[in-house]
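Step one of this worksheet: look at the structure below.
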Amino acid sequence: MNIKKGIRTQRGAKLNLKGSAEKIISNKIPSSTYALNPDDFFGLIPKLSVNEGDIVKAGDPVFFNKKEPRIKIVSPVSGTIKSINRGAKRKIEQIIIESDGNNEIRLHKVDQWETLGRKELISLLLESGSWPFIKQRPYGTIANPDDFPNAIFVSTIDTAPLGADFQYILEKKYDNFKTGLTVLNSLVDQAVFLGIDAAFSKPFENIENVQKYTVSGPHPAGNLSLHIQELSPINMGDKVWTVNAEDVANIGNFVLTGVQDLKRTIALAGSAVKYPKYFSVNIGIELSPMLSEVTITEDQVRCINGDVLSGSTSHENGYLGYYNNTVSVIPEGNDYRMFGWLPFKDNHILSLSNTSFSKLFNKKGFSVDTNLNGEERAIVVTGEMEKVFPLDLFPMQLIKACMIEDIEKMEALGIYEVVPEDFGLIDYANTSKLEAQEIIKQGIELMINEVG
Amino acid sequence: MNALRKRLDAIKKPFEKGQKLEKFAPAINAFDTFLFVPNHTTKKGAHIRDAVDLKRTMVTVIIALMPALIYGIYNTGYQYYYQMETPFTFIEAFIHGSWKIVPMIIVSYVVGLSIEFGFAVYRGHEVNEGYLVTGLLIPMIMPVDIPLWMVAISTAFAVLIAKEAFGGTGMNILNPALTARAFAFFAYPTYMSGNKVWVSEASNVEAISGETILGTLAAGGDVKYSMFEMFQGAIPGSIAETSTLWVAVGALILIVTGIGSWRIITGGILGAAVMGLLFNLWGANALMSFSWINHLIVGGFAFGIVFMATDPVSGAQTNKGKWIYGFLVGILCIMIRVFNPAYPEGVMLAILLMNVFAPTIDHYVVNGNIKKRKKRWALAQELKSA
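Respectively, the protein sequence lines represent chains A and B. Residue 470 in the working numbering sits at position 376 of the first sequence, with consecutive numbering throughout. Residue 930 in the working numbering sits at position 240 of the second sequence, with consecutive numbering throughout.
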């Protein structure tokens, strides 16, 4: 099947950072603790199905969604529930699982999955713990199994700075990936859309029964919001599902083997990493053994589950998140800088603004840290958000509508078409140091509570 | 650097959270962050941030204002000595100008910043840097001999009524610097127009007088300056507005750094040129037949469109809106000049008027996007029910 029309965008920015992962995969990680973090699942209220001390097999449910008990999160390994960490108001923050090394597996009956109807297939995916891989738009929550989506989108491009290379990740998983796409195809009426990097479309040539399209341009060209807006825009009441490319392979692997193997290939990258490379591990693994393998060069670092623009903060003794294919480690920037407000001073700090010469030195790549480079201020400068925002909507006006919690305006301005990470570059680039992703996230939470 | 940092940290101690002087923290922070970019790290949202911040942005605008200001200071002395018919050097002219203008800048900054600091402490937010530009703009667009107390009152009015009453930086409808000028213009008209205010010491020395070119034209007189003099700026007028040449240098700085909107500036020049051309064709009086190119280089048009209309807070905020807004500022500026000889300087009123309409322009631009979305929704609904 031929590749469809390309999505091309100029608006955005390619941030050239130091420490991108070398294409070497390491998969023997000496680790025995894993953790599941309910905060990784936006909009999910966790209810435990295990207690501290319980013994679980890989694939046994650990917790489920209180609002939709069919959605289960399963254990990535076999072992014992070591501890359940709670925060304020007894909120479940982390469930730590101590692996026993036996790799006991819960097996599902899948031998005739091709003959199953949509309904049976969905209940199989729900039962096995594959369902959380399928997310929905609007809002970016785990998909509602009762919905009929217009389309399912899978992207094999990560344009985020230091983002993982999906070509590389999928290299050894093509059969699983193809099977996964077939599974998705039977969940949707219209089409499964597959986004492909315009420069590397070759490996996907023999994949059939999906609508392929190419993508080119700077970040956030790889973000699905743009592809959905171009190819199957979300209208009020519409649902579109999205699945991470590696999770398509995970789903494929499940229906082929009957084993729910929560595999994740990650690019461990960043300017604080001496030997950045890839790891093939199970979801939820602790980070520290990997960090010591790649050697951290700074004393104070920030470990991020995800890319430096939209990832969530973890720490050196933290655990791998559920969905991210990138773990970024960059130095903390908690130091002072004299006269930093002088234009054209400190050109070693990456800047998209023309008040710095840093763009001229972009070739070698920048070492970035977490300094805010200023303080939060009122919104003054206009036009800078639009430059890094390819979607056909007004980002600043949408942010302001979210701030004043005007639901009608948020709807009209396109809240259904965005997820917080579309605003990652706006966070980065805006002069007022506004936290746009947080504002949009709160806006979406408001929409979930008020509109549903 | 480390010693200085330690000293500052010691000074800041009593202003920290839970300490005695906590309330005044914004005031001390404003000075501290002027020396050092603070050690704050990202807490939420993107983990890395651009080097640009509001301080850097505002300082860039100040740098862009410098050529016009320096020339304005020189021109003040030049006009004075030229009319006195005494020989003078560049330095003498510059000193004469500085002696007049530096006190005005000081008054504007002291009055404005005191109010800003007061509000920051009262409201418990950090001091916004916007006033660094406003405080410099106010003296730059005043006649040179305006009494300092009038500068003080105009500044106070602008900061209190045009800015803080609306909620402070980022919330104001009108450009604060232009509001200060408009206030002075209507409150003290004898100090703001006529032929005795535009040249230094004109009200005291009988031999000196000088009408602006637009004033001369409005009164039906003949312009005795060449086009080159108008462009270079060796003409009477408000302090820093006269030199289109040096304003253009500032415009270049603003456009290249991306701080000033090239859309507004280009739109404004287009609007003024179109209007000027139309009036040239009509040509009913001296102002109408004044060449459209000359309209662009005399008076405050160039200064206004480059430094005042581009204020991102009071101007239009959408890209399409910026074109429309700039274009209309240009049209209105020339129209006011020609139709209302009582206000030969049209740019001030044109920009203030368009400041009021900028949100309306944006409303229609944004609505275009909303309409497109709603149309798509309706179409999808139709398809579903069909």
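Beta carbons: idealized from backbone N, C-alpha and C, even for Gly.
C-beta neighbour in chain B for residue i, strict 8 Å
| i | result |
| --- | --- |
| tyrosine 413 of chain A | no |
| serine 408 of chain A | no |
| proline 437 of chain A | yes |
| alanine 339 of chain A | no |
| alanine 315 of chain A | no |
| valine 375 of chain A | no |
| glutamate 187 of chain A | no |
| serine 172 of chain A | no |
| threonine 525 of chain A | yes |
| isoleucine 398 of chain A | yes |
| aspartate 133 of chain A | no |
| methionine 95 of chain A | Any reading at methionine 95 of chain A needs caution, since the residue's pLDDT is 49, under 50, leaving its predicted position unreliable; the model's value is listed next. No, because no Cβ of chain B sits closer than 8 Å to the Cβ of methionine 95 of chain A. |
Given residue i as reference, the closest of the options once Cα atoms are compared
| i | options | result |
| --- | --- | --- |
| glycine 518 of chain A | A:Glu187, A:Lys185, A:Ile178 and A:Gly405 | A:Gly405 |
| isoleucine 191 of chain A | A:Ser143, A:Ser452 and A:Thr174 | A:Thr174 |
| leucine 803 of chain B | B:Phe726, B:Leu868, B:Pro1049 and B:Ala720 | B:Ala720 |
| isoleucine 945 of chain B | B:Thr750, B:His730 and B:Thr859 | B:Thr750 |
| glutamate 187 of chain A | A:Ile509, A:Lys371, A:Asp194 and A:Asp134 | A:Asp134 |
| phenylalanine 460 of chain A | A:Glu478, A:Gly364, A:Lys494 and A:Ile390 | A:Gly364 |
| arginine 1066 of chain B | A:Asp332, A:Phe247 and A:Gly415 | A:Asp332 |
| aspartate 241 of chain A | A:Asn419, A:Gln230 and A:Val342 | A:Gln230 |
| glycine 905 of chain B | B:Ile995, B:Asn1030 and B:Ile828 | B:Asn1030 |
| isoleucine 760 of chain B | B:Ile929, B:Leu1069 and B:Trp952 | B:Ile929 |
| methionine 330 of chain A | B:Glu1072, B:Gly708 and B:Trp839 | B:Glu1072 |
| alanine 258 of chain A | A:Phe483, A:Leu201 and A:Glu340 | A:Glu340 |
| glycine 911 of chain B | B:Glu919, B:Phe921, B:Phe918 and B:Asn885 | B:Asn885 |
For residue j and residue i, believed in contact at Cβ under 8 Å, the rounded distance
| i | j | result |
| --- | --- | --- |
| glycine 990 of chain B | glutamate 931 of chain B | 4 Å |
| glycine 940 of chain B | glycine 1016 of chain B | The pair is not a contact, with the Cβ atoms about 16 Å apart (cut-off 8 Å). |
| threonine 723 of chain B | glutamate 469 of chain A | 6 Å |
| phenylalanine 681 of chain B | serine 844 of chain B | There is no way to answer for residue 681 of chain B, as the model of chain B reaches only from 691 to 1076. |
| methionine 830 of chain B | valine 841 of chain B | The pair is not a contact, with the Cβ atoms about 11 Å apart (cut-off 8 Å). |
| leucine 288 of chain A | valine 334 of chain A | The Cβ separation is near 14 Å, so there is no contact. |
Residues that DSSP places opposite residue i in a beta bridge
| i | result |
| --- | --- |
| tryptophan 335 of chain A | A:Gln230 and A:Ile246 |
| serine 422 of chain A | A:Ala363 and A:Ile398 |
| isoleucine 473 of chain A | DSSP lists no partner for isoleucine 473 of chain A. |
| glutamine 305 of chain A | A:Phe287 |
| serine 408 of chain A | A:Cys397 |
| glycine 173 of chain A | A:Val150 and A:Ser193 |
| threonine 465 of chain A | Here residue 465 of chain A is asparagine; the residue named in the question, threonine, does not match the sequence. Answer is B:Thr731. |
| isoleucine 949 of chain B | Note: isoleucine 949 of chain B sits in no beta bridge, so no partner. |
| alanine 693 of chain B | In the DSSP output, where bridge partners are listed per residue, alanine 693 of chain B has none listed. |
| glutamate 380 of chain A | A:Tyr413 |
| valine 375 of chain A | A:Arg358 |
Cβ neighbours of residue i in the same chain (closer than 8 Å, five flanking residues each side left out)
| i | result |
| --- | --- |
| tryptophan 207 of chain A | Leu215, Leu218, Val277 and Val349 |
| asparagine 197 of chain A | Ala152, Val171 and Ser172 |
| leucine 986 of chain B | Thr934, Ile959, Ala962, Ala963, Gly966 and Ala992 |
| aspartate 429 of chain A | Asn465 |
| phenylalanine 714 of chain B | Phe705 and Val811 |
Min CB distance residue i to chain A below 8 Å
| i | result |
| --- | --- |
| proline 866 of chain B | no |
| serine 788 of chain B | no |
| histidine 985 of chain B | no |
| asparagine 1045 of chain B | no |
| phenylalanine 809 of chain B | no |
| tryptophan 1013 of chain B | no |
| aspartate 740 of chain B | yes |
| leucine 942 of chain B | no |
| proline 827 of chain B | What sits at residue 827 of chain B in the sequence shown is leucine, not proline. Leucine 827 of chain B does not count as touching chain A. |
| asparagine 729 of chain B | yes |
| proline 1002 of chain B | yes |
| lysine 707 of chain B | no |
| glutamate 854 of chain B | no |
Close-in-space but distant-in-sequence residues of the same chain around residue i (CB under 7 Å, 5 per side omitted)
| i | result |
| --- | --- |
| alanine 924 of chain B | Asn765 and Tyr768 |
| leucine 466 of chain A | Lys527 |
| valine 792 of chain B | none |
| valine 801 of chain B | Ala842, Thr845 and Ala846 |
Proximal residues to residue i (C-beta, below 6 Å), its chain only, five neighbours per side dropped
| i | result |
| --- | --- |
| glutamate 380 of chain A | Ser125, Thr127 and Tyr413 |
| isoleucine 1051 of chain B | Ala1006, Gly1011, Ile1014 and Tyr1015 |
| asparagine 303 of chain A | Asn279 |
| lysine 291 of chain A | Per the sequence shown, residue 291 of chain A should be read as aspartate rather than lysine. Once the five neighbours on either side are set aside, the close Cβ partners of aspartate 291 of chain A are Ile251. |
| methionine 95 of chain A | At methionine 95 of chain A the pLDDT is 49, less than 50, meaning the model places this residue with poor confidence and gives no usable figure here. |
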